[in-house]
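Okay, structure first, notes after.
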Amino acid sequence: MLFPLFLALVIFIILSFLLAKAKRNGKNILPPGPLGLPFIGNLHQFDDLTPHLYFWKLSKKYGKIFSLKFGSTPVVVISSAKLAKEVMKTQDLAFCSRPSTLCQQKYSYNAQDIATSPYNDNWKELRKICVGHLFTPKKVQSFIPIREDEVSRMIKEISQQAVTSRITNLSSILISLTTTIICRVAFGWINNLSEKINILEKNFKDLDEFYGLIEQHLSPNRPKSMEEGDIIDLLLQLKKEKSTPIDLTLDNIKAIIMNMLVGGTNTSAATIIWAMTALIANPNAMKKVQAEIRESVGKKSMVNEDDVQTLPYFKAVIKETLRLYPPAPLLVPRETMENSILEGYEIKPKTIIYVNAWAIARDPEIWENPEEFIPERFLNSDIDFKGQHFELIPFGAGRRGCPAMALGVANVELVLSNLLYAFDWELPCGMKREDIDTDVLPGLTMHKKKPLCLVPQNYL
């Protein structure tokens, strides 16, 4: 009795496999790619490489647009600036939704956020709130005192370590710093915030403890030390005044704050760590950028945000860091909403689209010596990372571009410029420049595998 059922299952699997192969060998509906298995697709083929490196390896074999399957879901991966522009600008509307995943549902209150919500009227209104209220240039500027206060604390901490030539774990300091800045921007100053930050740093466990701070904002007896004008204040005001076309819910607010915590803390810290890693490995670039900052700023306690705007080589260092080490090497996946054509291939609705920003930023057809850290390449170039030049898209582009980019960049610029201004940096005793590793932790964000530990010397 069981044998006929088993035989039928085997025949079904074989026919499915042959049908998939026939489609590949016949009319090219989807781009080329590795042949998968029924039910699981290509999931069994993932190796130990991080996803962006695995996709880059496949692109070497199948081209800058290829396809595979996650289970039964079709996936298309693109690795060229030309196709990125097609997806994120020319046909942006067709490619601007998001796939639904269990992880996304858990951490976004069932897609109530800005980053992972599908494209619909609710998302469009949330986007308007972010762009028109939360992350306007004026609002980003209003957080300057928070950034400067926390950077001043960082300088003091490192300066004390420099007195004794103590090895400084920059990775730990920077993760804590950027987390604190984002939390103060989002929640305001809370006396027990440091305890909550420790919770956040432990793999974002027990995040509902953070959301208890929303209740504190609603309380008439809120702590006097809590800063007014933070992101939660603004969102609660919009909710109270009903000044948006949608009914802004507490789940919307929680999900937006989650986007800030996950996106803001991870990406800013990672970018600064990679910049310092690249500079310590390239002493000429380190000397050049420090000389520019110190000559422009002169003798004072710290670099401010107006100073940063007068530093072209420093700005080039940040661009080159974002090119070599984009915080999200694979942009957040998109999902097609209608039939589309890419490079002559038919892309069906509900296809997941990955843009390999890391591969594009190291494409030898675009960049000369793409593996080398050369900030000078940007000094006479119009290429920027704000979503208009698809050779460099660390923050995405189009409708789905990161709405908080200005806030993240402001954090990176102020922190990095002060690290370079206030201190000279050396490798720990016995360590050579060739020992500096650039291994990456597996994951969606490009984190350095080993902590960056350097020896600071006070400049002032």
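In terms of the working numbering, the sequence shown opens at residue 2 and continues consecutively.
Each residue gets a CB set at the ideal place from its N, CA and C atoms; glycine is no exception.
| query | result |
| --- | --- |
| Simplified DSSP assignment, three categories, for Arg281 | Here residue 281 turns out to be Ile, not Arg, going by the sequence shown. In the structure shown, Ile281 sits in a helix (DSSP, three-state: H, G or I). |
| Reference Asn381; option with closest CA among Lys139, Ile257, Asp252, Lys320 | Lys320 |
| Element boundaries [beta strand (DSSP E), containing Asn43] | Where Asn43 is concerned, there is no enclosing beta strand (DSSP E), given that its DSSP letter is neither H nor E. |
| Validate contact between the region 344-353 and the region 62-75 using beta carbons, cut 8 Å, 3 pairs | yes |
| Inter-residue Cα distance where the pair is Ile407 and Phe40 | One point to set straight first is that residue 407 is Ala, not Ile, in the sequence displayed. Whole-angstrom Cα-Cα distance: 43 Å. |
| Asn285 burial status per 10 Å Cβ neighbour count (16 or more: buried) | exposed |
| Euclidean distance between Cα positions of Lys121 and Gly397 | For the record, residue 121 in the displayed sequence is Asn; it is not Lys. Rounded to the nearest angstrom, the two C-alpha atoms are 19 Å apart. |
| Beta-carbon gap between Leu280 and Trp57 smaller than 9 Å | no |
| N- and C-terminal bounds of the alpha helix (DSSP H) containing Asn459 | That residue, Asn459, is in no alpha helix (DSSP H); its beta strand (DSSP E) goes 454-459. |
| Spatial neighbours of Tyr63 in its chain, beta-carbon cut-off 6 Å, leaving aside the 5 residues before and after | Pro33, Gly34 |
| Stretch pair the region 322-339 + the region 260-276: three plus CB contacts closer than 8 Å | yes |
| Those runs of the beta strand (DSSP E) which lie wholly inside the region 300-357 and span at least 3 residues | 341-343, 346-348, 353-356 |
| Inter-residue CB distance, Pro376 and Phe386 (contact presumed, cutoff 8 Å) | No, Pro376 and Phe386 are not in contact; Cβ-Cβ is about 13 Å, not under 8 Å. |
| N- and C-terminal bounds of the beta strand (DSSP E) containing Lys70 | 66-71 |
| Enclosing beta strand (DSSP E) for Pro75 [first to last residue] | 74-79 |
| CA nearest to the CA of Ser68, picked from Ile294, Ser98, Gln92, Asn43 | Asn43 |
| Close-in-space but distant-in-sequence residues of the same chain around Pro404 (CB under 8 Å, 5 per side omitted) | Ile115, Arg128, Cys131, Val132, Leu135, Phe136 |
| Opposing strand residues paired with Trp426 [DSSP bridges] | Pro457 |
| Alpha carbon of Leu421 to alpha carbon of Pro443, nearest angstrom | 29 Å |
| Own chain residues within Cβ distance below 7 Å of Asp48, not counting five before or after | Tyr55 |
| Stretch-stretch touch, CB-based, cutoff 8 Å, three pairs: the region 302-310 with the region 238-258 | no |
| 7 Å Cβ shell around Arg324 - same chain, five flanking residues per side excluded | Ala362, Leu393 |
| Within 9 Å, strictly: CB atoms of Asn419 and Val152 | yes |
| Alpha carbon of Ala411 to alpha carbon of Lys70, nearest angstrom | 39 Å |
| Backbone CA spacing between Arg400 and Leu175 [nearest angstrom] | 30 Å |
| Of the listed residues Phe188, Gly388, Thr102, nearest to Leu237 (C-alpha basis) | Phe188 |
| From Gly37, Met338, Lys83, Leu38, residue whose alpha carbon lies closest to that of Ala360 | Lys83 |
| Under 9 Å between C-beta atoms of Ser80 and Asp364 | yes |
| Lys449, DSSP secondary structure in three states | strand |
| Beta-carbon gap between Ile233 and Arg185 smaller than 9 Å | no |
| Given Gly388 as reference, the closest of Lys86, His53, Thr102, Asn123 once Cα atoms are compared | Lys86 |
| Three-way DSSP call (helix, strand, coil) for Leu38 in this model | strand |
| Identity of the residue in Glu158, Ile145, Asp150 nearest Phe424 by Cα | Glu158 |
| Candidates Ile66, Pro52, Thr311, Gly37: closest to Ile342 by CA position | Ile66 |
| Host alpha helix (DSSP H) of Val132 (start-end) | Val132 -> no alpha helix (DSSP H), and no H or E assigned at all. |
| Identified DSSP bridge partners for Val441 | Lys449 |
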